[in-house]
Amino acid sequence: AGIPDDMLTLAYEPEAAALYCKELTVQKKEGAESSSLSSFEPGQQFLVLDCGGGTVDVTAYQVQNDGDLRELQRPTGGPWGGTYVDNQYTTFLKELFGADVWSEYSKENPEDVLEIQRRFEAKKKSVNASADDQTTISFPSSLFAKYQIAKNCSSFEECLKKSEFAKTIKVKKDKLRFDHQLVKAFFRVPIDSIVTHVKEIINESKKKGRDIKTILMVGGFSDSSILSQRIISEFKRITVICPTEAVNAIVKGAVIFGHNPNLISERISPLTYGISVNTTFNNKVHPAKLKVVYDGKEMCTDIFQPIVQIGHPIRVGKEIFKHTCLPTRALDTEATIEIYESSSECPMYTIDKGVRRLGDLTVSIPNTSKGKNRPIKVEVSFGYTEIVVCAFEEGTETQTRATFDCLLT
Numbered sequence: 001a002g003i004p005d006d007m008l009t010l011a012y013e014p015e016a017a018a019l020y021c022k023e024l025t026v027q028k029k030e031g032a033e034s035s036s037l038s039s040f041e042p043g044q045q046f047l048v049l050d051c052g053g054g055t056v057d058v059t060a061y062q063v064q065n066d067g068d069l070r071e072l073q074r075p076t077g078g079p080w081g082g083t084y085v086d087n088q089y090t091t092f093l094k095e096l097f098g099a100d101v102w103s104e105y106s107k108e109n110p111e112d113v114l115e116i117q118r119r120f121e122a123k124k125k126s127v128n129a130s131a132d133d134q135t136t137i138s139f140p141s142s143l144f145a146k147y148q149i150a151k152n153c154s155s156f157e158e159c160l161k162k163s164e165f166a167k168t169i170k171v172k173k174d175k176l177r178f179d180h181q182l183v184k185a186f187f188r189v190p191i192d193s194i195v196t197h198v199k200e201i202i203n204e205s206k207k208k209g210r211d212i213k214t215i216l217m218v219g220g221f222s223d224s225s226i227l228s229q230r231i232i233s234e235f236k237r238i239t240v241i242c243p244t245e246a247v248n249a250i251v252k253g254a255v256i257f258g259h260n261p262n263l264i265s266e267r268i269s270p271l272t273y274g275i276s277v278n279t280t281f282n283n284k285v286h287p288a289k290l291k292v293v294y295d296g297k298e299m300c301t302d303i304f305q306p307i308v309q310i311g312h313p314i315r316v317g318k319e320i321f322k323h324t325c326l327p328t329r330a331l332d333t334e335a336t337i338e339i340y341e342s343s344s345e346c347p348m349y350t351i352d353k354g355v356r357r358l359g360d361l362t363v364s365i366p367n368t369s370k371g372k373n374r375p376i377k378v379e380v381s382f383g384y385t386e387i388v389v390c391a392f393e394e395g396t397e398t399q400t401r402a403t404f405d406c407l408l409t
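Going by our numbering, 158 is the number at position 158 of the sequence shown; the sequence numbering is gapless.
If you want it as structure tokens, here you go:
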């Protein structure tokens, strides 16, 4: 976008939402008629349930004595956002009108199909668990006509009466009225998945001696009544807070973060980070394909040397992780430090499944008089959304520095 790096700061969505909600002086418990004045006190532990369009992410935080936030567990979740409900609805429309009719109509009338989806999106927020109201949505008459021709009926209503959906859908002019239970079914899988995941996190927190007293619901899907009602019903002993305009909580929190990134004092490493090193080859342990010979000695390449393991707490901008390595060959005048990340706790090799190369940096080691006995210091620190790697030969002041993105995925 042409924005200089020093003028751009990226924020994690769950953190931004947590900062926004922590700063609120007036909190409204979801389901309550009135608001209450309260603030997040030091020591208070809470979950941020970020329900977006595509994914749902859950993160636990604790308020520190100075008001900063400490991440208690790395964000976890799944593809259970509002888009899942939309896809369920679209799948149902294919069943209602027939896959061939729907596919052909979608190709011929893409704008009308987008409008059909937009109308459902608008209705989606008002669907609730308790009321038995029908959901009424307008449809283009051209879709009814196409279906009518395909089924050889005198009217769309006649076609519908002959179908398996006669009892769950009613026709009124250009509108379809969907039975409440039918619409609720679109939400069942994602909401069940969300509830199950939150229960797992709360149970795991209890095992670790934590006391989660609040759930903050943010993100566009949090505006869905049926979702918030289910969360309240399942977690009766926990305060559920859904800020006004939950969809904007992340944006507003990002502004707060931009003014003071230091409000996040500690994170949990979402991945394992490490470097590639060589070690003496052992034919009982190492695969033959990784064997190389350096200066007459058999070595195994591509060993994953962890620097920070997944789940490890990191003090943002304050903690430095160190590792020392040696040159590959006695006459090397440069050393390349390769940086990797992995979703595994401790991968063996950098070629293992789930290991991804972030990049590398090259260190100058021009004095070869000591052969391989030239320790290279590697120091890794974590910024707000980046990894900073510094490397230098011990006893020299020449330092190489590189920065790598470490945004959550």
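Where a beta carbon is used, it is the ideal one built from N, C-alpha and C, also for glycine.
DSSP, read as helix, strand or coil, puts residue 70 in strand. Residue 340 sits close to residue 357, with the two beta carbons spaced by under 7 Å. When rounded, the separation of the alpha-carbon atoms in residue 113 and residue 9 is 38 Å.
Between residue 119 and residue 344, the alpha-carbon positions lie close to 43 Å from each other. Bounds of any beta strand (DSSP E) do not take in residue 8, whose DSSP letter is neither H nor E. In the structure shown, the three-state DSSP call for residue 200 is helix. Contact annotation: residue 405 and residue 386 have beta-carbon atoms nearer than 7 Å. Taking the C-beta atoms as reference points, residue 382 is found no nearer than 7 Å to residue 19.
Membership of residue 159 in the alpha helix (DSSP H) is indicated by the continuous run 156 to 161. Two segments are said to touch when three or more pairs of C-beta atoms, one from each, lie closer than 8 Å; by this definition the stretch 65 to 84 does not touch the stretch 96 to 113. Taken through DSSP and simplified to helix, strand or coil, residue 83 comes out as helix. Taking C-alpha positions only, residue 363 is separated from residue 62 by approximately 40 Å.
In the three-state reduction of the DSSP assignment, residue 248 falls in the helix class, which pools H, G and I. The Cβ-Cβ distance between residue 255 and residue 215 does not fall below 7 Å. Taken atom to atom, the span from the alpha-carbon of residue 42 to that of residue 116 is near 48 Å. Put simply, the backbone Cα of residue 65 is about 11 Å away from that of residue 265.
Put simply, the backbone Cα of residue 192 is about 25 Å away from that of residue 248. The three-state secondary structure of residue 385, taken from DSSP, is coil. In this structure, the beta-carbon distance from residue 47 to residue 232 does not fall below 7 Å.
Inter-residue distance for residue 221 and residue 52 is about 5 Å (C-alpha atoms, whole angstroms). Beta-carbon to beta-carbon, residue 349 and residue 295 are separated by about 22 Å, too far to satisfy the 8 Å threshold.
For residue 229, the uninterrupted alpha helix (DSSP H) run begins and ends at 225 to 234, by DSSP.
Less than 7 Å divides the Cβ of residue 226 from the Cβ of residue 128.
Take residue 168, set aside five residues on each side of it, and the residues of its chain with a beta-carbon closer than 8 Å to its own are 178, 179, 181, 182, in chain order. Taking a contact as a CB-CB distance under 8 Å, the pair residue 45 and residue 69 does not count as one, their CB atoms being some 11 Å apart.
By the Cβ neighbour-count rule, residue 399 is exposed, with fewer than 16 other Cβ atoms within 10 Å of its own.
Nearest neighbour of residue 230 by Cα position, chosen from 208, 206, 184, turns out to be 184.
Between residue 310 and residue 276, the CB-CB gap reaches or exceeds 7 Å. For residue 391, the secondary structure class from DSSP, reduced to helix, strand or coil, is strand. Look at residue 330 here: in three-state DSSP terms it is coil, with no helix or strand label.
The continuous alpha helix (DSSP H) containing residue 118 extends over residues 110 to 124. Within the stretch 271 to 357, the beta strand (DSSP E) runs of at least 3 residues that lie entirely inside it are, in chain order, 272 to 280, 291 to 294, 297 to 308, 313 to 315, 320 to 325, 334 to 342. About 4 Å separates the CB atoms of residue 330 and residue 371; that is less than 8 Å, so the two are in contact.
By alpha-carbon distance to residue 304, the top candidate from 327, 337, 312 is 337. Residues 156 of the same chain have their beta carbon placed closer than 8 Å to that of residue 145, with the five preceding and five following residues left out of the count. Within its own chain, the residues whose Cβ lies closer than 6 Å to the Cβ of residue 205, once the five positions on either side in sequence are excluded, are 212, listed in chain order.
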